[in-house]
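A.B. asks: Pasting a structure below so you can have a look.
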Amino acid sequence: MSHEAIHAAFESLKADFRDDRFPVIAGRLTGESLAWGKRLLELFQSAGRDGLMECDPLTRFWILRYRGMPSPADLAGADAGAGFVLAFTAFPYLDVMMEAWALGEIVAGAGTDRVTLRCLFDGTDEGASVVAERAGASWRFDLMGLYVDKAKALDAFIQSSFQGKFDAFIRHYVAEHDLDFDFEQAWRPLTDA
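Straight run, no breaks: the sequence shown in this note's numbering ends on number 211.
This is how it looks when you write it as structure tokens:
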């Protein structure tokens, strides 16, 4: 196992994000990211307002954004990787975070095909970690720790800019982007439609 190979694979993954190669990214995920992606797709179909209010703001935003369109997104054929990537990239203003992250030192699993590495944000260790798992000649990544950090960043933005009022935030986003959006439909489970 080469520490440099893992770092190179992560930089390649960042390039995939920059170039919007979402199907490629979905295929490079592993672990908790995929479990969460599966859960995200379930929430997309079945969660109502109460269930969504229990979710982190990034998850809530993604679900509302795609359910509130004139015709809700059809994700029937989406796999867990796609679900994770759609939510991870849902709020475009946070996409710069992916570019700022870089892998640090291995903290667990050195010498194995599954390692945990520190993930530095603009060179600073803020506690995030990434799991890398060997996949043939390359590596797959569990980005769940980074998803949590993106959700925290969105929550901090909503707290500071909208006094913590998610409804005010989503209404502002819809107006700012001049979206054709059905708020009632967005909060309603698709399984009730």
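By construction, the Cβ of each residue, glycine as well, lies at the ideal position given by its N, Cα and C atoms. These numbers come from a predicted model, not from an experiment.
Answer with buried or exposed for A211, where buried requires no fewer than 16 other C-beta atoms within 10 angstroms of its C-beta.
C.D. replies: By 1-based counting over the sequence shown, the position of residue 211 is 193. Bear in mind that the predicted position of A211 carries a pLDDT of just 48, short of 50, making it unreliable; the figure below should be weighed with that in mind. A211 is exposed by the Cβ-count criterion.
A.B. asks: With three or more beta-carbon pairs closer than 8 Å as the criterion, would you say the stretch 101 to 114 touches the stretch 76 to 87?
C.D. replies: These segments touch.
A.B. asks: Is there contact between the stretch 140 to 156 and the stretch 33 to 43, where contact requires at least three CB pairs shorter than 8 Å?
C.D. replies: Flag = no, the stretch 140 to 156 and the stretch 33 to 43 do not touch.
A.B. asks: I think G99 touches G49, with their Cβ atoms under 8 Å apart; what is that distance to the nearest whole Å?
C.D. replies: Here residue 99 corresponds to residue number 81 of the sequence shown, with the count starting at 1. Here residue 49 corresponds to residue number 31 of the sequence shown, with the count starting at 1. With a Cβ gap of about 11 Å, G99 and G49 do not count as contacting.
A.B. asks: Would you identify the three-state DSSP class for A155, choosing helix, strand or coil?
C.D. replies: One-based indexing of the sequence shown puts residue 155 at position 137. It is coil, neither helix nor strand.
A.B. asks: Since V103 and A44 should fall inside the 8 Å C-beta cutoff, what is the C-beta to C-beta distance between them, to a whole number of angstroms?
C.D. replies: Counting from 1 along the sequence shown, the entry for residue 103 is found at position 85. Counting from 1 along the sequence shown, the entry for residue 44 is found at position 26. Contact flag correct, Cβ pair sits at about 5 Å.
A.B. asks: Applying the 10 Å Cβ sphere with the 16-neighbour rule, what's the burial state of T130?
C.D. replies: One-based indexing of the sequence shown puts residue 130 at position 112. Counting Cβ neighbours within 10 Å, T130 comes out exposed, since fewer than 16 surround it.
A.B. asks: Return the chain-ordered ranges of every beta strand (DSSP E) run that is complete within the stretch 57 to 143 and spans a minimum of 3 residues.
C.D. replies: If we require 3 residues or more, the beta strand (DSSP E) runs fully inside the stretch 57 to 143 come out as 119 to 126, 132 to 139.
A.B. asks: Helix, strand or coil for G49 per DSSP?
C.D. replies: Within the sequence shown, the letter at position 31 stands for residue 49. Of the three classes helix, strand and coil, the one that applies to G49 here is coil, per DSSP.
A.B. asks: So L172 and P75 are in contact, right, with Cβ under 8 Å, and what is the actual spacing, rounded?
C.D. replies: Stepping through the sequence shown from its first residue, residue 172 is reached at position 154. Stepping through the sequence shown from its first residue, residue 75 is reached at position 57. The pair is a contact, with the Cβ atoms about 5 Å apart (cut-off 8 Å).
A.B. asks: Within the continuous alpha helix (DSSP H) that includes L164, where are the two ends?
C.D. replies: Position 146 of the sequence shown, counted from the start, is the residue given in the question as residue 164. Unbroken alpha helix (DSSP H) run through L164: 162 to 180.
A.B. asks: Identify every residue that forms a DSSP beta bridge with A150.
C.D. replies: Along the sequence shown, one-based indexing puts residue 150 at 132. Per DSSP, V133, F159.
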